[in-house]
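In the numbering used here, the protein residues as written are 33 to 199.
Below: one structure, written as structure tokens.
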Amino acid sequence: AVVSTQSTGKNLGTTFTYPYNLGSRWENLKQVVNMTNFAKGDGYTWPVVSGTDQYTFTEEQKEQKLLKRQRMVEHVITVPYNTRWFSFLTMANPVLFCVCNGLDEQYLNVKEGDKVLVSRWRKRWLYGCAKRKQKNKSGIIIDKEVGGWFPRICAMETAEQSQKKNE
Numbered sequence: 033a034v035v036s037t038q039s040t041g042k043n044l045g046t047t048f049t050y051p052y053n054l055g056s057r058w059e060n061l062k063q064v065v066n067m068t069n070f071a072k073g074d075g076y077t078w079p080v081v082s083g084t085d086q087y088t089f090t091e092e093q094k095e096q097k098l099l100k101r102q103r104m105v106e107h108v109i110t111v112p113y114n115t116r117w118f119s120f121l122t123m124a125n126p127v128l129f130c131v132c133n134g135l136d137e138q139y140l141n142v143k144e145g146d147k148v149l150v151s152r153w154r155k156r157w158l159y160g161c162a163k164r165k166q167k168n169k170s171g172i173i174i175d176k177e178v179g180g181w182f183p184r185i186c187a188m189e190t191a192e193q194s195q196k197k198n199e
């Protein structure tokens, strides 16, 4: 995942400093390519720019993930959709969903009444996460978030989300 150059969250107005950019490509390259054929260091810690630490990048990613989660919009599924080929023929508006969307990420099976948190959208597609009950290796049923693309016509924004946007 790419982190934006602007800091997010608590440090609004300051710029994010990438901790592993040591100033030049040559300095960065010398950390992993040298005469001994072994990278410098122990493989867990690397030299970082002053004013940062080993966890600066991770903390920035966590902040951005939290902000993304806060911006997600809840939708309710009104028309079921599964990811099998030709499932689009069962839809009221048969557009070639499965074949012509140009998305190379996974699709999400949705059932009527499912609640999905949508984080990205395209003209006819929404990307969201839905909670599914799955068994883990121990046989215990747990809630797992599953993400994927599904047709926009299958979902409707919830009333609460619409009110938040209007405020």
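For glycine and all other residues, C-beta sits at the position ideal for the given N, C-alpha and C.
It should be emphasised that the depicted structure is a prediction, and the values quoted were computed from it without experimental measurement.
- Item | Trp58, enclosing alpha helix (DSSP H) - first and last residue | As a working mapping, residue 58 is identified with position 26 in the sequence shown. Arg57 to Lys62 is the span of the alpha helix (DSSP H), which, as asked, contains Trp58.
*asked:* Spatial neighbours of Glu189 within its chain, please: C-beta separation below 7 angstroms, excluding the five flanking residues on both sides.
replied: Here residue 189 refers to the residue found at position 157 of the sequence shown. Val105 and His107.
Practice problem: Can you say whether Leu98 is buried or exposed, counting buried as having 16 or more other CB atoms within 10 angstroms of its CB? | Solution: Here residue 98 is taken as the residue at index 66 of the sequence shown, counted from 1. Answer is exposed; the Cβ neighbour count stays below 16.
- Task: Figure out for me which residue from Trp58, Tyr52 and Ala187 has the closest Cα to the Cα of Phe89.
- Result: Position 57 of the sequence shown holds residue 89. If we check each option's Cα against that of Phe89, Tyr52 comes out closest.
(Q) Taking the alpha-carbon of Cys161 as reference, which of Lys176, Arg57 and Glu91 has the nearest alpha-carbon? (A) If you number the sequence shown from 1, residue 161 lands on position 129. Per the Cα distances, Lys176.
Mapping DSSP to helix, strand and coil, what is Thr47? Reading the sequence shown from its first residue, position 15 is the one you call residue 47. Three-state DSSP puts Thr47 in a strand.
(message) Taking the straight line between their C-alpha atoms, what separation do you get for Thr68 and Gly83?
(response) Taking the first residue of the sequence shown as position 1, residue 68 is located at position 36. Taking the first residue of the sequence shown as position 1, residue 83 is located at position 51. Rounded to the nearest angstrom, the two C-alpha atoms are 30 angstroms apart.
Review point. Going straight from the alpha carbon of Trp153 to that of Ser170, what length do you get?
Key: Position 121 of the sequence shown holds residue 153. Position 138 of the sequence shown holds residue 170. So the two alpha carbons sit approximately 36 angstroms from each other.
What distance in whole Å lies between the Cβ atoms of Asn141 and Tyr159, which are believed to be in contact at a cut-off of 8 angstroms?
-> As a working note, residue 159 is residue 127 in the sequence shown. As a working note, residue 141 is residue 109 in the sequence shown. Contact flag wrong, Cβ pair sits at about 14 angstroms.
Compute the Euclidean distance between the alpha carbons of Ile109 and Lys147, then round it to the nearest angstrom. As a working mapping, residue 109 is identified with position 77 in the sequence shown. As a working mapping, residue 147 is identified with position 115 in the sequence shown. Each residue's alpha carbon lies about 6 angstroms from the other.
*What does DSSP give as the partner residues of Asp175 in its beta bridges?*
Along the sequence shown, read from residue 1 onward, the residue named residue 175 stands at position 143. For Asp175, which the question treats as bridged, DSSP gives the partners Lys165.
- Task: Could you have a look at Leu54 and say whether DSSP puts it in helix, strand or coil?
- Result: Here residue 54 refers to the residue found at position 22 of the sequence shown. Coil at Leu54, not helix or strand.
Practice task
Please report the residue range of the beta strand (DSSP E) in which Glu106 lies.
Solution key: Reading the sequence shown from its first residue, position 74 is the one you call residue 106. From DSSP, the beta strand (DSSP E) with Glu106 extends over Val105 to Ile109.
Review point. With which residues is Val142 paired in a DSSP beta bridge?
Key: What you label residue 142 is simply residue 110 of the sequence shown in a count that begins at 1. Beta-bridge pairing links Val142 to Tyr113.
Could you say which of Glu59, Ile172, Lys94 and Gln96 lies nearest to Pro79 if we only look at CA atoms? Here residue 79 corresponds to residue number 47 of the sequence shown, with the count starting at 1. When each option's Cα is compared against that of Pro79, the closest is Glu59.
Residue closest to Ser151, alpha-carbon to alpha-carbon, out of Asp85, Gln96 and Arg164: As a working note, residue 151 is residue 119 in the sequence shown. Cα-wise, what sits closest to Ser151 is Gln96.
Using the C-alpha atoms, what's the distance from Ile173 back to Arg184? The count along the sequence shown starts at 1 and reaches residue 184 at position 152. The count along the sequence shown starts at 1 and reaches residue 173 at position 141. Approximately 30 angstroms between the Cα atoms of the pair.
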